[in-house]
Structures are given as structure tokens and as C-alpha cells.
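Below is one structure, written out as C-alpha cells; the observations come after it.
Chains as they are written, first to last, in UniProt numbering: chain X, 1 to 230; chain E, 1 to 230.
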């Protein structure tokens, strides 16, 4: 994307990251994002405290990315937070943004009163909400990936675009920004059109742009109806 | 306590357990409890999966005990759950009880809407609620220890009794059960009265028994007043 775009750190917590098709998919996606830095937590990176703090300092948006394991972020994420954050300095990260990319094996419908889980994702993820409060971070709406392994090719293309936009665009985003982003993206990658992966994305953006235009027309129509009614 | 009493497993998750005065205090307390098994999580015990599963199977009440670190249970607890629980067997622990002993550095008043944390402990601990749902465990009300290091000697004596009762008594408990428990406890330890630690507890129980009797009288009086009014 734009060289001067938002700098984003993606902190990936997964106990068996190499075996995770979701994480490998997201990793390939993030590689298309020039301003995104990918940090995988493992026994080695966990203890590079100085380096990890520098990464937090030098990025504007921090994404915590993980599967929900037994209804929580994995243990290694909390261990990393414990080692990296500083109890005695509450302002060093103040003003930055905090995002969450969480993948779940069930539909999100299960995460509600009366659903099979019975608790909302907002409740289960509330420790991260408190963390954001405490450090003066602006929490952006979480990004949820449902049942990735069962997703169709079309759903995954959509996911790829949504994910890249989650890493870079203002959140919550809107149609206008998504469309502008797509146009810029198209311009930048036109030179690389021989790459089949890029071609796939290109097609997705074109489809999306059309979808967005249709939606905008519909909304404008609805607004007109509303204006006549009130 | 009674040899035939409730068998309780206390799973202690603390990254620096030896330096925790709270955990050392609770450990000494639990040692007075014949039917309580103390399991400290560390790099060694974490990986003893067969042994840990056997401990879960052979105890009726399971207590997860930890300090809240960055608004969550410590990472090592979630890592232990991941290694020990079985995704493909949802009934092996069904019918057991699950308790939480959580210590916090602030007053619990901070854990509410508008408080400095802004989220309730019930919300922050909701992953454990989902876990209980999923495994068919009966969740008993959590036991919270506030600002242990600032507690007076009197507060700690009270804590010790409350904690021992949390490990063994029906939860939620009532005056009657607490009183019966205290009387049995007194009988059993009379033989060990030369131990100064035991003596301290003895005194606490006697005080508590008197307090309970007074409260019961007050409640009976209130009931009579109520009966007259309706």
C-alpha cells in the first residue's frame, strides 16, 4: 500500500502456528501489506523484550491475532503481554490503536445468551478491553473469522480484502474509504499483474467496487424515500 | 478436616509463585486441609499431562487459583488447560465443581462500569464460565482476595477461614454450615493445640462462632419483625 500508510504490528499467538491454515493464509495476505510487521510469538521471540517494546513503540496500530482456545486468547499471548508491557509506565503506548483478529471454530451465533457458548465474544475478550483502557489505547472493533477451514474460495477472497483493510484503514471504516483503498491498491499492483495471486485479488477488488457502487445507489434511493416521508 | 470430606484440587497459576506472599499464605492454609491437593503450574508440571488428567478425575472440586495479570488469568493457566483438557471428550469431568480464587491488587470496586478498570470480574473471568458450560462443570461463585499485602492481621485470619471453607463447604455456603464446619474443625485440632499457628486459627473460629450466633439472633429478630408486619 501507500508507503506513508498506517504502520501496523500484527502479533500472532498460536501454539502450533505452522499447522494453522488460517494463520498461514493471513500471513500471505499481510505480506502484501508493505506497512505491516508480522510478529509470531514463540519461545524465542517471547523473550526478546527490548525488541518487542521497540516494535510496539514504532507502530501506530497493534493487532493481537489468535484463535480462541478454550474461550480465551492463548496462554502465550498473556505471557507475552506480561513480559513486554510495563506495570510502571501507563503512557508509553498511549494514543495508539489496538485491534483484535480472532478466529473461532464455530459460528459467532454460538457466542450469545442462550447460544452453545453462552457468552459474547465481547465478554470473552474483555481482558483486552481493560488492557486498552489501562494503557490509553483506542480499541477498534474486533475482526472475527468464523470456521475458516469450511470457507469457500469466494469467502476467502472476501476475507483477504477485509483483512488487509482491517490492518490499514480507519476503523470502523466506511464504503468511501474502502473504495478509495481498492482503487489505490489496483493502481499499485497493475505492474505485477503476471502474479496469479495478485490477479485473484485484482478481480476481487473489481467485484467489490461494483458491489459498493450498487449499495451506494440503493442507500441513496432509501435516503430519498426517507426524505419524502419526514 | 473430615477424612470423608470433599476432595479438592487447587491449581495454582502464578509466574513467580515463590515471591508471592498471597500464594505462600494460601499454601500454608491449604496444608491444613487434608482433602486438598495443591498443584503448582510450572514448566515441569505443565507437561505432566497424564498425571494432571488423573488429578482432575480424582477430585470433585477443581479450584483455579491465580492473580489477575493484565486483567486475565496468567498465560500458564491457559497453556495448562490447552494441554490437559481434551477437545474430543466433553463429558469426562461432567458433574464436578469449578471454583476460582482470584487475587487483585486493587479493590473490587474498580471492576465495574465507571470504575478504573471498567469491566466486572465476572466479565473478565467469562472464559472460565464458558469452559465450565462446555465441560458440564458447576461453576461456584468466585472467591476474590483484594490487596492482600495491605491486609491487617485480623483480615488475614478471616481470609484463612473463608478460604478453607471455600475449598470444602457447599458453595454458596450459609451460616449453619459454616458454624458446623467450625465446630468439627475445633474438635479435630484440639489435639494439636501446642502448635501456635493452630492456636491462632482456634481463636479465630471461636470469635467467628460467636459472631455467627449474634448474627443468627439478629436475623431471627428481623424475621419476627417481618412476620408481624405482613
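Glycine included, each C-beta is placed from N, C-alpha and C at the ideal position.
Looking at X:110, X:56, X:162, X:123, the one whose alpha-carbon comes closest to that of residue 30 of chain X is X:162.
The straight-line gap separating the alpha-carbon atoms of residue 148 of chain E and residue 211 of chain X is approximately 58 Å.
Rounded to the nearest angstrom, the gap between the Cα atoms of residue 143 of chain X and residue 102 of chain X is 6 Å.
Taking the Cα of residue 182 of chain X as reference, the smallest distance to any Cα among X:158, X:115, X:196 is reached at X:158. Around the beta carbon of residue 150 of chain E, fewer than 16 other beta carbons lie within 10 angstroms, which makes this residue exposed. The Cβ-Cβ distance between residue 63 of chain X and residue 100 of chain X falls below 9 Å. DSSP places residue 91 of chain E outside both helix and strand once states are collapsed to three, so it counts as coil. Along the UniProt domain "Flavodoxin-like fold" (7-166) of chain E, the alpha helix (DSSP H) occurs as fully enclosed runs of 4 or more residues at 21-31, 43-46, 49-58, 75-84, 121-124, 126-135, listed in sequence order. Within 8 Å of the CB of residue 76 of chain E, the CB atoms of chain X belong to 75, 79, in sequence order along the chain. The criterion of a C-beta distance shorter than 9 Å is satisfied by residue 67 of chain E and residue 22 of chain E. Within 10 angstroms of the beta-carbon of residue 219 of chain X lie fewer than 16 other beta-carbons, which makes it exposed. Cα atoms of residue 10 of chain X and residue 55 of chain X: separation of roughly 10 Å, rounded to the nearest angstrom.
Annotation: Cβ neighbours of residue 117 of chain X in chain E (cutoff 8 Å, chain order): 130, 133, 134.
Taken through DSSP and simplified to helix, strand or coil, residue 169 of chain E comes out as coil. Per the coordinates, the alpha-carbon of residue 24 of chain X lies some 8 Å from the alpha-carbon of residue 17 of chain X. Look at the beta carbons and you see the segment 110-124 of chain E touching the segment 120-134 of chain X: at least three pairs across the two are nearer than 8 Å.
For residue 82 of chain E, at least one C-beta of chain X is nearer than 9 Å to its own C-beta. Close to residue 124 of chain E, with beta-carbon spacing below 8 Å, are these residues of chain X in chain order: 126, 127, 130.
Counting only Cβ-Cβ distances below 7 Å, residue 166 of chain X has no contacts in chain E at all, with the closest Cβ about 23 Å away. Taking 9 Å as the threshold, the shortest C-beta distance from residue 85 of chain E to chain X falls below it.
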